[in-house]
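Each residue of the sequence shown is one higher than the one before, counting from 182 in the working numbering.
Glycine included, C-beta positions come from ideal geometry on N, C-alpha and C.
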Amino acid sequence: MSYYFSKILDTDFDKTIELVTEALKNEGFGIMTEIDVKQTFKVKLDVDFKKYRILGACHPPSALKALTFEDKIGTMLPCNVIVQELAPNKTEVAAIDPIASMQAVQNPALGEVALFVQSKLKSVIDSL
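Written out as structure tokens, the structure reads:
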């Protein structure tokens, strides 16, 4: 089982960020965090890196359910979605598979939440 699902788009990086943000919004997600890996590596390590952004996506009703069932599940939240530039006008979008990540937690009540969030994230990727 893969721990993520992804799609390659023939669009530039900035446009892909816009498309992903809108697709997440359409499925009820908000972006809680945004990490610009390229910029961070340049500032902290003086290393040039490709355009790579980590979007911390949250579906609030699902996060509330998960935290109600398992108060330490916050260590695995939010659901990360990455956008990386593979080449000019070619980007990859990948999202964590919450079922794969929650297999480490021995709490069957989380299964329903993970399955629901997985379907939402797959819909995001499929819509791009």
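Nearest-angstrom beta carbon gap, residue j and residue i [assumed within contact, 8 Å]
i	j	result
G209	K301	7 Å
L309	L190	6 Å
K246	V294	5 Å
E266	F194	5 Å
Residue i versus residue j - alpha carbon distance
i	j	result
N288	K223	40 Å
T214	L296	23 Å
P241	K206	12 Å
N270	P259	28 Å
K188	T272	8 Å
V286	D278	14 Å
D227	Q220	9 Å
K232	K225	16 Å
E229	D217	According to the sequence displayed, residue 229 carries Asp and not Glu. Those two C-alpha atoms are separated by around 12 Å.
S243	T256	15 Å
T192	V298	26 Å
F186	M283	15 Å
A268	D307	21 Å
Coil, strand or helix - residue i by DSSP
i	result
N207	helix
T214	strand
Q299	helix
A281	helix
V286	coil
E251	coil
L200	helix
V294	helix
6 Å Cβ shell around residue i - same chain, five flanking residues per side excluded
i	result
V262	L236, A238, A276
Candidates the options, of which the one nearest residue i by Cα
i	options	result
G211	L245, F194, E203	E203
Close beta carbons around residue i, own chain, < 8 Å, minus the five adjacent residues each side
i	result
V201	L236, V262, V264, V274, V305, L309
Residues of its chain near residue i, where Cβ-Cβ distance is below 7 Å and the 5 sequence neighbours each way are ignored
i	result
L198	The residue you asked about is not Leu; residue 198 is Ile in the sequence shown. Excluding positions up to five away in sequence, the list reads R234, V264.
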